[in-house]
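In the working numbering, the protein residues as written are 45 to 193.
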């Protein structure tokens, strides 16, 4: 990808991913299908989880993320060709879960195309049970977000 910088409307998001809209993302109504927005949110969410080292792939941990809930508010239809920028940030920390906010910016429209929220649970895949957020993970999130929760 070329050099790019997140748009000013995503300045409050410390993890921003840029992604090309694919021809096959469109549905028969000639705009990106609603399910694709959730895939874009997932791409940005995984980039965030990689930054804080909670992917479930770390050899030193049995913990990983599990998606408990997700929602999307569609603002504008996106069409091919375009690039989207997707910001993700943590908005709250609970005992074993945290909330994330996602914002999707269309470069072609020069506008927010969608906004979403998700809840991530810290999950022990061996015991199949939620676990308290470890202190070191809380610290990584607070450092990335630049604020205490």
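All C-beta atoms, glycine included, are put in the ideal place defined by N, C-alpha and C.
Handout entry: CB of residue 62 within 8 angstroms of CB of residue 129, strictly
Key = In this structure, residue 129 lies closer than 8 angstroms to residue 62 by Cβ.
Handout entry: Counted within 10 angstroms of its Cβ, other Cβ atoms place residue 160 as buried (16 or more) or exposed
Key = Buried: at least 16 other Cβ atoms inside 10 Å.
Handout entry: Cα-Cα separation between residue 91 and residue 140, rounded to whole angstroms
Key = Each residue's alpha carbon lies about 20 angstroms from the other.
Practice task
Return helix, strand or coil for residue 171, following the three-state DSSP convention.
Solution key: Coil.
Handout entry: Top-ranked residue by Cα proximity to residue 98, from 116, 119, 71 and 169
Key = Here the closest residue by C-alpha is 169.
Handout entry: Where the alpha helix (DSSP H) containing residue 98 begins and where it ends
Key = No alpha helix (DSSP H) contains residue 98, which DSSP labels as neither H nor E.
Practice task
Quick one: give me the first and last residue of the beta strand (DSSP E) that residue 145 is part of.
Solution key: It spans 141–150 - the beta strand (DSSP E) in which residue 145 sits, taken as one unbroken run.
Problem - For residue 41, the three-state DSSP class (helix, strand or coil) - result: A question about residue 41 goes unanswered here, because the residues of the chain that appear run from 45 up to 193.
Handout entry: Beta carbon of residue 64 nearer than 8 angstroms to that of residue 149
Key = No.
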